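Peer 1: Chains as they are written, first to last, in this note's numbering: chain A, 5 to 164; chain B, 5 to 164; chain C, 6 to 86; chain D, 6 to 86.
All C-beta atoms in this analysis are idealised placements derived from N, C-alpha and C, irrespective of residue type, glycine included.
Please read these numbers as outputs of a predicted model, since none were measured by experiment.
Have a look at the structure that comes next, please.
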Amino acid sequence: MTATNHQQASQSSPERDVDLSHSLFKVSSEPLSVDSLVAVVLTGGDGAVVTFVGTVRDNHMGRVVLALEYEAYGGMAESEMEHIGIEMIERHGLHGIAMQHRTGKLAVGETSVIIAVSSPHRQAAFAACSEALDMLKATVPVWKKEYFEDGEVWVGQGAG
Amino acid sequence: MTATNHQQASQSSPERDVDLSHSLFKVSSEPLSVDSLVAVVLTGGDGAVVTFVGTVRDNHMGRVVLALEYEAYGGMAESEMEHIGIEMIERHGLHGIAMQHRTGKLAVGETSVIIAVSSPHRQAAFAACSEALDMLKATVPVWKKEYFEDGEVWVGQGAG
Amino acid sequence: MKIKVLLFASFRETAGLSQGTLEVEPGATLGDVWATLVAEHPRLAPHSGTAAYAINGTYARPAERVSEGDEVAFLPPVSGG
Amino acid sequence: MKIKVLLFASFRETAGLSQGTLEVEPGATLGDVWATLVAEHPRLAPHSGTAAYAINGTYARPAERVSEGDEVAFLPPVSGG
């Protein structure tokens, strides 16, 4: 059985009045571009964009990793990323935040996730990018399977 | 008189044994690309690349900024960036670091500087990128002129 | 009443099922839905302690009640990034 | 002896000169070179407290001696980024 994305409409946040015109929250199988996401979040009022680029590493816990496969609950993942984004915008006064996660099987060196945040000032941008990443790893419904030379395993899910 | 870059050969650092094969230190007038610098610093052993993208902001101290002009002591600037890069690699265990600064007159929204660092782990990458930026702003011989509607001024240099 | 159930990652592979429809009693909670699912797919039982629950794309607690036509998802510990 | 002098940004504009050659005494320090330069371009004088010095592309202190053919640069407070 192949991984599938279960899509649903991204939830809006009518309870808060946050400008998301320079923000983006997306889960898809398409390759990621940092420059594209920087262009999304940048406004004329910004002096700083900080980005995090997560890539497939060739090892984990001392074992050789051949590839990673990402599966997502697409609609909910985008909705959870939006919640994180709104919280970061409010807490750090960002002008924009983009969070995009790739799904499917990725080779070593390929990009799995990018977070880009724009802010008038660099300290807020670094803090928000780092916090958004921690929150993504804690709450956004995406799962990672590691492919080794002698098998495969879903990360952190116990015996399959 | 137009701004000129005074080039000299980039200094090597024979006193230290640091692998700079995934690092780059460059000052030039060409446009900057985040994806290009991510590709420079990324190795198969990395899971994290953090980048800082500095852009021209449309205001400063309450005044409307029309453009910025950057001038550099090119050879020395690249040499100072390399010193910073080596210090960051040694302190944070980075695999690579790229620092590229653009010179010339830039419009609002254009990118003036990019720093990209790669690391097996995200905390080191965030810390190193932020520290490298602070050091760049403190020691790398690059100067910024702000163009306002009613004049122009070199930043932080007193009366011209 | 009928609800839609989604499974992901190791849960999906363990049950051999990515989505399906379950018949549950009116007033059933998410915990009841999970118990019904585990009765059909006993190999999911070891995951009872780690599963997170969602209704219609939002995290929810086990005591939350489901309604006809809800989309209920059972989520292994997330590992994105 | 002859040395090469580079000026940047506000220093360059103030002196109306981006590079030139100065004749200084053997044994002259960077501070002496700056003083010679200020004598030729008095409008640089107000910047004496903020100028940083470099010899051949490396920061150096005012007491450092220069040698024939050195490239000496006087740097306003940097403002890159």
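Which residues in chain C sit within 9 Å of residue 109/A, going by Cβ to Cβ distance?
Peer 2: Result: empty, since nearest Cβ-Cβ is about 14 Å, beyond 9 Å.
Peer 1: From residue 7/A to residue 108/A, what distance separates their C-alpha atoms?
Peer 2: Bear in mind that the predicted position of residue 7/A carries a pLDDT of just 36, short of 50, making it unreliable; the figure below should be weighed with that in mind. Cα to Cα, residue 7/A sits roughly 7 Å from residue 108/A.
Peer 1: Taking the alpha carbon of residue 43/C as the reference point, which residue from 56/C, 32/C, 31/C has its own alpha carbon closest?
Peer 2: 56/C
Peer 1: Give, in chain order, every residue of the stretch 44-62 of chain A whose Cβ lies closer than 9 Å to some Cβ of chain B.
Peer 2: 46, 47, 48, 49, 50, 51, 52, 53, 54, 55, 56, 57, 58, 59, 60, 61, 62
Peer 1: If we count the other Cβ atoms within 10 Å of its Cβ and call it buried at 16 or more, is residue 65/A buried or exposed?
Peer 2: exposed
Peer 1: With three or more C-beta pairs closer than 8 Å as the rule, is the stretch 143-163 of chain A touching the stretch 6-25 of chain D?
Peer 2: no
Peer 1: Rounded to whole angstroms, what is the Cα-Cα separation between residue 9/B and residue 26/B?
Peer 2: Residue confidence is low: residue 9/B scores 38 on pLDDT, short of 50, so the model does not pin down where it sits. No coordinate-derived value is stated.
Peer 1: Please work out which residues of its chain come closer than 8 Å, Cβ to Cβ, to residue 44/A, disregarding the five sequence neighbours upstream and downstream, and give them in chain order.
Peer 2: Same-chain partners within the cutoff: 26, 27, 28, 100, 102, 120.
Peer 1: Could you pull out every unbroken alpha helix (DSSP H) segment of at least 4 residues lying fully inside the stretch 80-131 of chain A, listed in chain order?
Peer 2: none
Peer 1: I want to verify the contact list: residues of chain B whose CB lies under 7 Å from the CB of residue 130/A, in sequence order.
Peer 2: 130, 134
Peer 1: When the cut-off is 8 Å and only beta carbons count, does residue 38/B lie next to chain A?
Peer 2: yes
Peer 1: Please report the straight-line C-alpha distance between residue 59/A and residue 160/A, rounded to a whole angstrom.
Peer 2: Whole-angstrom Cα-Cα distance: 18 Å.
Peer 1: Who are the neighbours of residue 98/B on chain A, taking C-beta pairs under 9 Å?
Peer 2: Ordered by position in chain A, no residue passes the 9 Å Cβ test against residue 98/B, which lies about 14 Å from the chain.
Peer 1: Anyone know if the C-beta pair for residue 104/B and residue 46/B falls short of 8 Å?
Peer 2: no
Peer 1: Are the C-beta atoms of residue 145/A and some chain B residue less than 8 Å apart?
Peer 2: no
Peer 1: Any beta-carbon of chain C closer than 8 Å to the one on residue 80/A?
Peer 2: yes
Peer 1: Over what stretch of residues does the beta strand (DSSP E) that includes residue 73/B continue unbroken?
Peer 2: According to the DSSP assignment, residue 73/B belongs to the beta strand (DSSP E) that extends over 67-76.
Peer 1: Do you know how far the Cα of residue 142/B is from the Cα of residue 90/B?
Peer 2: 16 Å
Peer 1: Listed from N- to C-terminal order along the chain, which residues in the stretch 9-33 of chain D have their beta-carbon within a distance smaller than 9 Å of any beta-carbon of chain B?
Peer 2: 11, 13, 14, 15, 16, 17, 18, 19, 21, 22, 23, 24
Peer 1: In whole angstroms, give me the CA-to-CA distance for residue 72/B and residue 156/A.
Peer 2: For residue 72/B and residue 156/A, the distance between alpha carbons rounds to 52 Å.
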